[in-house]
DNA sequence: GCGGGCATCATCCGATCGGCTATCCGGGGT
DNA sequence: ACCCCGGATAGCCGATCGGATGATGCCCGC
């Protein structure tokens, strides 16, 4: 079958990972790595120049805009490629943010090469490809009504993990202490805890916060 | 100069990373990748068989023994190779544990290839090679040593993460509330925090507690 | 044998927290 | 049009926390 070869661009700030994915992907005869980028700016430029079918996107790009924001930029280009996120973490927040930014797939870096190839081909065809662990997690959340924590509440959690008191958080977020307490109450309810310490532990366990 | 080529074994649970490092390292004419392993058991076996000069060790190896423990095992082999840790994180605990386990170098995965090559050559010669950021961190810690948390204090931390109050902990541990408060104070001092939430976050970050 | 870390217990007190109730506003969905 | 939710705000109050201070007993290392 005379297939068109799939053109792939890599976006990752780790040279080692870029080399690895390139070595693996280039060895497939239907896949071609046509460009690499180490940060957001490069990514947009390279994608614009090479017009790839699929972009493999790391979420943590060191300084500057992250992978989610970069995904958004890339998807706003004329005739945008499909974006497959390839990253180390599967935080709920990360997945949602990436999907929201226009990613059509989410794979973890510890995926076996075969899975990676399948995912790239699927993404090129416009399919949505999720890593098993990611899919499982999403389904769990969907089934068991894990009340989702709002962005603002995540901010509170972050400060909480830094050990700040209510009025310190209030100052940091430029709101009143009453508001902070209100958010905290909601967080407690949603996470099923009733103390600050419990909230932090649960948030980290549920990967709402990263350690 | 007729140098001996440096024999390298890769230990990493990420196929992508193994492929990347192999591609980069094999392209150097004084370096040879003579084996790969994805977990601790494989690592010990491969190192025993191939007798490499240097082992590139990832610290997080998925399930089973981690990179630090694997480093220890490898270093206990007859005529052990030097171990260069190549990982994503530079947590204080990770570095110390790895060095304590017998690693002679610590590099981060976002290091440019040239630095990686230099580090491998240095490690082969028995030099100690530290990534700049790691070295900086170590010096900071050396100046202010981290007091170690006692077993009893770890118990307290566990209960703390479960959101228990002082008198609940007291009941759980069959001691008085005063004792619990005493332990907490010591924990705060040692971890450099002053709240329960901060203690939990710091304990998890320093890997005193697991999420 | 003496200091020091660990574990235990006690008291005091001001600061903080957590629960409760209630209001207001704006946006998204029915 | 209506309602719900996220976000912000307020006051009240009992429970809890965190800091300071001090004391006892044990065991280890120097």
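Residue numbers (the working numbering), protein chains in the order written: chain P, 1 to 211; chain L, 1001 to 1211.
In this text, a Cβ means the ideal position worked out from N, Cα and C, and glycines have one as well.
- Bounds of the alpha helix (DSSP H) holding residue 1170/L are 1166 to 1173.
- Sixteen is the threshold: since fewer than 16 other Cβ atoms of the shown chains lie within 10 Å of the Cβ of residue 1005/L, the residue is exposed.
- Its Cα nearest to that of residue 1066/L, the residue 1095/L stands out among 1049/L, 1095/L and 1079/L.
- Under DSSP, residue 58/P shares a beta bridge with no residue.
- For residue 75/P, there is no enclosing beta strand (DSSP E); the residue is found in the alpha helix (DSSP H) stretching over 67 to 75.
- Close partners of residue 160/P in chain L (Cβ separation under 7 Å): 1197.
- Look at the segment 4 to 23 of chain P: the residues with a C-beta under 8 Å from a C-beta of chain L are 13, 14, 15, 16, 17, 18, 19, 20, 21, 22 and 23.
- Every unbroken stretch of the alpha helix (DSSP H) spanning 4 or more residues and falling wholly within the segment 99 to 164 of chain P is given here in chain order: 113 to 124, 132 to 143 and 151 to 161.
- Contact check for residue 209/P and residue 130/P: beta-carbon distance about 22 Å, past the 8 Å limit, so the pair fails to qualify.
- For the pair residue 1121/L and residue 19/P, the Cα-to-Cα distance works out to about 20 Å.
- Contacts between residue 87/P and chain L, judged by CB atoms closer than 8 Å, are missing: the closest CB pair is about 11 Å apart.
- Near chain P, meaning a CB-to-CB distance below 8 Å, the residues of the segment 1049 to 1075 of chain L are 1062.
- By the neighbour-count definition (other C-beta atoms within 10 Å, threshold 16), residue 196/P is a buried residue.
- Linking residue 1082/L to residue 1063/L through their CA atoms gives a straight-line distance of about 24 Å.
- With a beta-carbon spacing of about 5 Å, residue 1170/L and residue 1180/L fall inside the 8 Å limit used to define contacts.
- By alpha-carbon distance to residue 1166/L, the top candidate from 1182/L, 1151/L and 1110/L is 1182/L.
- Partner residues in the beta bridge of residue 1037/L, as assigned by DSSP, are 1011/L.
- Under a criterion of Cβ atoms nearer than 7 Å, the residues of chain L adjacent to residue 204/P are, in order, 1204 and 1211.
- Taken atom to atom, the span from the alpha-carbon of residue 1077/L to that of residue 1071/L is near 10 Å.
- Residue pairing for residue 1087/L: DSSP places it in a beta bridge opposite 1108/L.
- For residue 32/P, the three-state secondary structure derived from DSSP is strand.
- Residue 59/P places its beta carbon less than 8 Å from that of residue 98/P.
- In the three-state DSSP reduction, residue 208/P falls in the coil class, being neither helix nor strand.
- If you draw a straight line from the Cα of residue 1073/L to the Cα of residue 1042/L, it is about 12 Å long.
- For residue 1164/L, the closest C-alpha among the options 172/P, 193/P and 168/P is that of 193/P.
- Shown here for residue 1026/L: same chain residues with a beta carbon closer than 6 Å to its own, the five before and five after excluded, namely 1033 in chain order.
- Contacts with chain L (Cβ-Cβ distance below 9 Å) from the segment 109 to 128 of chain P involve 109, 110, 111, 112, 113 and 116, listed in chain order.
- A Cβ-Cβ contact shorter than 8 Å links residue 1084/L with residue 1123/L.
- At a Cβ-Cβ threshold of 8 Å, residue 15/P and residue 35/P do not count as neighbours.
- Within chain P, no C-beta atom comes nearer than 9 Å to that of residue 1170/L; the closest sits roughly 15 Å away.
- A direct Cα-to-Cα measurement between residue 1176/L and residue 1101/L gives close to 39 Å.
- Against chain L, the beta carbon of residue 29/P has no neighbour under 9 Å; the closest one sits roughly 17 Å away.
- The Cβ of residue 1043/L sits no closer than 8 Å to any Cβ of chain P.
- The residues 1059, 1097, 1098 and 1101, in chain order, have a CB closer than 7 Å to that of residue 1068/L in the same chain once the five nearest residues on each side in sequence are set aside.
- Residue pairing of residue 1006/L in beta bridges, as defined by DSSP: 1031/L.
- DSSP places residue 193/P in no alpha helix (DSSP H); its state is neither H nor E.
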